[in-house]
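J.: Protein chains in written order, with my numbering: chain P, 1 to 575; chain G, 576 to 655. C-beta atoms are modelled at their ideal positions from N, C-alpha and C, and glycine is treated no differently. Here you go, one structure.
Structure below.
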């Protein structure tokens, strides 16, 4: 395994060969391993001792569909614990094809200089001065970079929020059309990148040095089975391409689990105006693309291109979580303004979820009225302008709550919840509370198993079975994020013996045996690694709690509160 | 006869040429009919059906239809 180490202080780039103790390492498994091994847990996340690790998924760059997932890890300035956030687009596939399994960025320039890190087709890595790019928003940045470096590159970059080292800063990655509209949004990793003076990582396309697959024919056979299952599944083959992830708006709202107006309600009365169905209709009527391929090797095409009334591009892709955070969560029923807020966040380099929730907390505190989209846009623009309020907002909901002395702040470990209220789907309470990543829906999405109509067997209002279910899902997701399979392509696990088939691909690529028991034990080991870092960083079980609002305020329309007891919560990872 | 308004979510409306999501479908169905009868009437029995709501309350196949009810029919979802 070829690892590149970049010392930003000495401007020194070295290579090392690393043989992980566990088979199938890539993505999150690799970033979490390096962060736990090399970063002092008590360090300043924005100081020279923190490290930023880039790692494509284990399957990225291979012929397996939907595996261009790029994991980025560091100690988070938002949660102050270990963090992995992953992003689609093209960068993971392109980096994997250079033969580099991870880039570890360490140190900090001592003179405030900024750099671009470039990996060429041969896998050679170089640092370039980037002072002329500092200060640029991401869309302008990628245009300038392409002007100099050409179009055949993947760009992973930060905007003004990352430069200001704000805790909600994202790292943006280019999609197949070269736009910086894909985000590793969570945990403020853009701030860590900014602290290292790294404006962008550029990977040249069309490299051919990917790590060899030991049993190519076996891998191809299993990959074919996986792809067929993705295409045989109605959700990934038909529903997502037509409506995208926004298809979730109406059913989650109907289930009473759509956090509205800073999670004061579980249903948004105007959900039909911001639904996937409404989104697709608006895009079609304006000549945009309701169906779009955003990531390398994608066969689902859940992305979209949202355009204005003149048919001019605004953003891609408008997704469920953003429609929630900039829509229902702030009481905004206008898709045009949601699209503009999405574009703005991509351009400034901000997590749309943390930012939307930060706006919601400010509105809840009385700073502006719920539903005032114009005010929301101004608030987000404040971040780029670097105003005092912009800095508060850019640090996320917890900082906004402190500023206004307002305690209705829906975060765990400092990171905002996602678009599923834990009072209406108790399983999400366990995931939000116990994930080493902070409140992170992708760490253990248990919505389907909580809703009978979607095949679930758990009562969404009961604690029964929720801990075990979330634990198993989180262990599974640690592996999904390690091999780099897109969340939505998990329908590929629906093939006959689906998990066994994926394990066969790990074995085929690595040349070492790998079975279902290994999948579970490796996933567990990854979570243990992350928990160890957090424990050493000073985390206790007190960090594994939701804010009081979720225990004390019944959520309409079901009027339920979180009922998972602390002891049960603490048993989730009592390995 | 009962009259109900039905809104179809996801891709369920594809086979209904004149379907407009903002209006839904106005359906007349035999009295004492239930949700299953409605699904048969709409020829949706072969489709994957997730949640069904009647007047904002989740219901199942055997729930009797109310006159002038607003029905929402969803497909199964997956996410992350």
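(1) How would you write the range of the beta strand (DSSP E) that residue 296(P) sits in, first residue to last?
(2) Are the C-beta atoms of residue 616(G) and some chain P residue less than 8 Å apart?
(3) What residues from the stretch 552-566 of chain P come within 8 Å of chain G, judged by C-beta to C-beta, listed N to C?
(4) List the residues that DSSP assigns as beta-bridge partners of residue 155(P).
(5) Measuring straight from C-alpha to C-alpha, what distance separates residue 376(P) and residue 170(P)?
(6) In chain G, which residues lie less than 7 Å from residue 269(P) when you measure between Cβ atoms?
(7) Residue 466(P) lies in the alpha helix (DSSP H); which residues open and close that run?
(8) Checking the sheet assignment: what are the DSSP bridge partners for residue 56(P)?
(9) Within 10 Å of its beta-carbon, does residue 37(P) have 16 or more other beta-carbons around it, so buried, or fewer, so exposed?
(10) For a contact meaning CB atoms closer than 7 Å, what does residue 134(P) contact in chain G?
(11) In chain order, what residues of the stretch 592-619 of chain G put their CB closer than 7 Å to some CB of chain P?
(12) Would you grab the beta carbon distance between residue 365(P) and residue 379(P) for me? Rounded to a whole angstrom, and I think it's under 8 Å.
(13) Can you tell me where the beta strand (DSSP E) holding residue 313(P) begins and where it ends?
(14) Based on Cα-Cα distance, which residue from 176(P), 547(P), 441(P), 231(P) lies nearest to residue 414(P)?
(15) Under DSSP, the alpha helix (DSSP H) around residue 160(P) begins and ends at which residues?
(16) If residue 427(P) sits next to residue 450(P), beta carbons under 8 Å apart, how far is it from one beta carbon to the other, in whole angstroms?
(17) Per the DSSP calculation, residue 12(P) is bridged to which residue(s)?
(18) Less than 6 Å between C-beta atoms, sequence neighbours within five positions excluded: which residues of the same chain meet that for residue 649(G)?
(19) Got a sec: which bits of the stretch 369-393 of chain P sit with their beta carbon under 7 Å from any beta carbon on chain G, in order along the chain?
(20) Could you tell me whether any Cβ in chain G is nearer than 8 Å to the Cβ of residue 322(P)?
(21) Which same chain residues, not among the five before or five after residue 533(P), have their C-beta less than 6 Å away from its C-beta?
(22) Return the chain-ordered list of same chain residues with a C-beta closer than 7 Å to the C-beta of residue 64(P), the five sequence neighbours on each side being excluded.
(23) Which residues in chain P have a C-beta closer than 7 Å to the C-beta of residue 621(G)? List them in chain order.
(24) If you drop the 5 nearest sequence neighbours on each side, which residues of the same chain put their C-beta closer than 6 Å to that of residue 530(P)?
(25) Establish whether the CB of residue 106(P) and some CB of chain G are separated by less than 8 Å.
(26) Using three-state DSSP, classify residue 170(P) as helix, strand or coil.
(27) Smallest Cα separation from residue 103(P): which of 16(P), 323(P), 403(P)?
(28) So, residue 46(P) versus residue 395(P), is the Cβ gap smaller than 8 Å?
(29) Buried or exposed: residue 216(P), going by 16 or more other Cβ atoms within 10 Å of its Cβ?
T.: So, from the listed chains and residues:
(1) From DSSP, residue 296(P) is part of no beta strand (DSSP E); its letter is neither H nor E.
(2) no
(3) Of all residues in the stretch 552-566 of chain P, 557 have a Cβ within less than 8 Å of some Cβ in chain G.
(4) 202(P)
(5) 18 Å
(6) The contacting residues do not exist; residue 269(P) stays about 11 Å from chain G at best.
(7) 466-483
(8) Bridge partners of residue 56(P): 70(P).
(9) exposed
(10) Those within 7 Å of residue 134(P) in chain G number zero; the least Cβ separation is about 35 Å.
(11) Listed by position along the chain: 596.
(12) Between residue 379(P) and residue 365(P) the Cβ distance is about 12 Å, and since that is not below 8 Å, they are no contact.
(13) 313-315
(14) 547(P)
(15) 160-163
(16) 5 Å
(17) 7(P)
(18) 584, 625, 626
(19) none
(20) no
(21) 36, 41, 82
(22) 223, 226, 505
(23) The premise fails here: residue 621(G) is roughly 11 Å from chain P at the closest Cβ pair, so nothing lies under 7 Å.
(24) 32, 82, 436
(25) no
(26) coil
(27) Selected option, being the one with the closest Cα: 16(P).
(28) No, they are not a contact pair.
(29) exposed
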